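**Student:**
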Ligand SMILES: *Cc1c(COP(=O)(O)O)cnc(C)c1O
C-alpha cells in the first residue's frame, strides 16, 4: 500500500496534487511519501515486536538525508556499505551505535572512520578484511564489534545481478568454513565477535530461500556457541521483494517474514537485526516525467519522455518492470493503445517499456513511474550531460525539495581543462 492515489481525477502524493509539484520544480523528478516510508518501516518494526531487535534501513536503496532522518526519527538504524553512506547517515543525525557497516571491500580509511565515529558492528566479508579491522582497532586501542557474513549457498531465485547468497557470488565466507574463520576471529586482537550476518539477495518474492538460510544460521549459532563463541546478535539482511505490478500483490508481507524469523531463530535468545531497503523505499517513491513527443514508427508507436535511463536505470539494467500511469486520471473505460515508452538518451537500452498498453496520453502530459523509490535516484547519473533530477518529499499537505536540480553551469563547471590541452586557451 502507498499514498500515491487518484483523487478527483488527479494523482496525489498524500494530500498534494502531483501536478502542482511538477509545476513548481519542473520535470523529471523523484517524489517520496513520508507516510509510506513510515508505514513500511513500522510494518517491519511491528513484525519483530517482542523480540529484541533493530530494523537497519539499507540506505543504498534511497539515501537522501531527509529520508534517513524521517526513518531514524521513527527508530530505524542504518545499514551502510561505504564511507560516504556512513558520513551521510551521521550527517542526517543517526548515532553511530545504530549504524551497521556491510560491504565486501571496506577500506582501512573507512574502518578508521567508523571506529572513531562510532559503529554498532562491522559485518565482515573476508579474512583479510577481518585482519584489517583487527589491525586498525588495535592501533586505536579499541575493540571492534563484528559479525561474519556467511554465504549459505541458497538460491534466492531473483535476478542474477541482485542474487548474493550462492557460493559463486562474491559475498561473505562459505558457511562450511565458518567455524575455522570464527576461530581465527576470536584469536585476533581488537575484535569482539558478537554474531552472525547473512544477506542472500534482493527482490525475493518467496519466503522459501529466507527459511533455508535462516535455518542454516540457527544451526550455525548452536555450533559456534558450542565452540565457545558468545553469539548474541543475528543480522538477517534485507531482500524482501515488493509488488512492482498490481497483478503480483500476493507477495509475502513483513508480518509473514517476521513470523518466519520467530520460527527459525526466535528461540536462540539473540538480538535480531534486519536490513530492508527496497521494501521501505520502493513503493514510497515515484518518478514523474513529461511526454515530449508521440512518434509513429513502423508498426509501433513511441512515447518519448523527458526522463531517461540515466534518471531511472532499473529497466535497462535489470529488465525491471514499473507501472507507468498518467498523472491525470484516465476516464473509466478509456481505450488503451500500445507504446514503446522511451527516453531521449542515445541508446536503444533507453527503453522503459515495450508495447505497454496506455490510456490516451498527449504531448505535454505528465506520467508517473510507480515503485521508483528504491534504487532509483541513487543509481542516477549525468549520462548525456543530463543534470541529476531533483528529489521531493511530501508529508501530508506539505512538500519540499530535498535535493535541488543542479544548474547546467554547476554540472559543466566541475570539469577542468588543463592548460596543455592543444587548442585550449584559458578564458580571459
Ligand atoms: C542491498 C542490501 C540490503 C538491502 O536489500 P533490499 O533488497 O533493498 O532489501 C541489505 N543488506 C545488504 C548487505 C545489502 O547489500
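Residue numbers (the numbering used here): 5 to 432.
Using N, Cα and C, we set each Cβ at its ideal position, and we do this for glycine too.
Keep in mind it's a predicted model, so treat the numbers as computed, not measured.
(1) Report all residues for which the CB-ligand distance to some heavy atom of ligand 1 is below 5 angstroms; order them along the chain.
(2) Determine, using beta-carbon pairs with one atom in the region 401-410 and one in the region 348-364, whether at least three such pairs fall under 8 angstroms.
(3) Are residue 319 and residue 338 close, meaning C-beta to C-beta below 8 angstroms?
(4) Residue 87 lies in the alpha helix (DSSP H); which residues open and close that run?
(5) On the premise that residue 264 lies in contact with residue 216, defined as a C-beta separation below 8 angstroms, what is that separation, rounded to the nearest angstrom?
(6) Our contact map puts residue 83 next to residue 66 with C-beta atoms below 8 angstroms; I'd like the distance itself, whole angstroms only.
(7) Which two residues bound the contiguous beta strand (DSSP E) that contains residue 356?
(8) Are there 16 or more other CB atoms within 10 angstroms of the CB of residue 96, so buried, or fewer, so exposed?
(9) Mind checking whether residue 311 and residue 291 have CB atoms under 8 angstroms apart?
(10) May I ask you to list the residues that DSSP assigns as paired with residue 83?
(11) Please report the straight-line C-alpha distance between residue 323 and residue 406, rounded to a whole angstrom.
(12) When the Cα of residue 314 is compared with those of 341, 104, 347, which residue comes out closest?
(13) Is residue 45 helix, strand or coil when you go by DSSP?
(14) Starting from residue 306, follow the beta strand (DSSP E) in both directions and report where the run begins and ends.
(15) Using DSSP's beta-bridge definition, name the partner residues of residue 150.
(16) Take the Cβ of residue 331 as the centre, count every other Cβ of all protein chains shown within 10 Å, and call the residue buried at 16 or more, exposed below.
(17) Quick check: the region 273-289 against the region 70-83, are there 3 or more CB pairs under 8 angstroms?
(18) Just to confirm the assignment: which complete beta strand (DSSP E) runs, minimum length 3, are found wholly within the region 317-388?
(19) From 378, 308, 376, 333, pick the residue whose C-alpha is nearest to that of residue 344; which is it?
(20) Look at the alpha carbon of residue 205 and the alpha carbon of residue 160, and state the distance between them as a whole number of angstroms.
(21) As an exercise, report each continuous alpha helix (DSSP H) stretch of at least 4 residues that is fully enclosed by the region 161-209, in chain order.
(22) Can you tell me which of 245, 238, 420 puts its alpha carbon nearest to the alpha carbon of residue 58?
(23) Just reading off the alpha helix (DSSP H) that residue 216 is part of, what are its end residues?
(24) Please classify residue 112: does DSSP put it in a helix, a strand, or coil?
(25) Which residue wins for smallest C-alpha separation from residue 80, given the options 41, 116, 112?
(26) Under a three-way DSSP split, which group does residue 241 fall into?
**Tutor:** Quick answer:
(1) The set of residues with any CB-heavy atom separation to ligand 1 below 5 angstroms comprises, in chain order, 62, 65, 106, 203, 206, 241, 242, 243, 279, 280, 281, 282.
(2) Cβ pair count under 8 angstroms is below three, so no.
(3) no
(4) 87-95
(5) That pair is no contact at about 11 angstroms.
(6) The pair is not a contact, with the Cβ atoms about 13 angstroms apart (cut-off 8 angstroms).
(7) 355-362
(8) buried
(9) yes
(10) 62, 104.
(11) 29 angstroms
(12) 347
(13) helix
(14) Start and end: 305-309.
(15) 126, 197
(16) buried
(17) Touching, yes.
(18) 328-330, 341-346, 355-362, 370-373
(19) 308
(20) Their Cα atoms are separated by approximately 6 angstroms.
(21) 182-191
(22) 238
(23) In the DSSP assignment, residue 216 falls within the alpha helix (DSSP H) that extends over 212-230.
(24) helix
(25) 41
(26) Here residue 241 sits in coil by DSSP.
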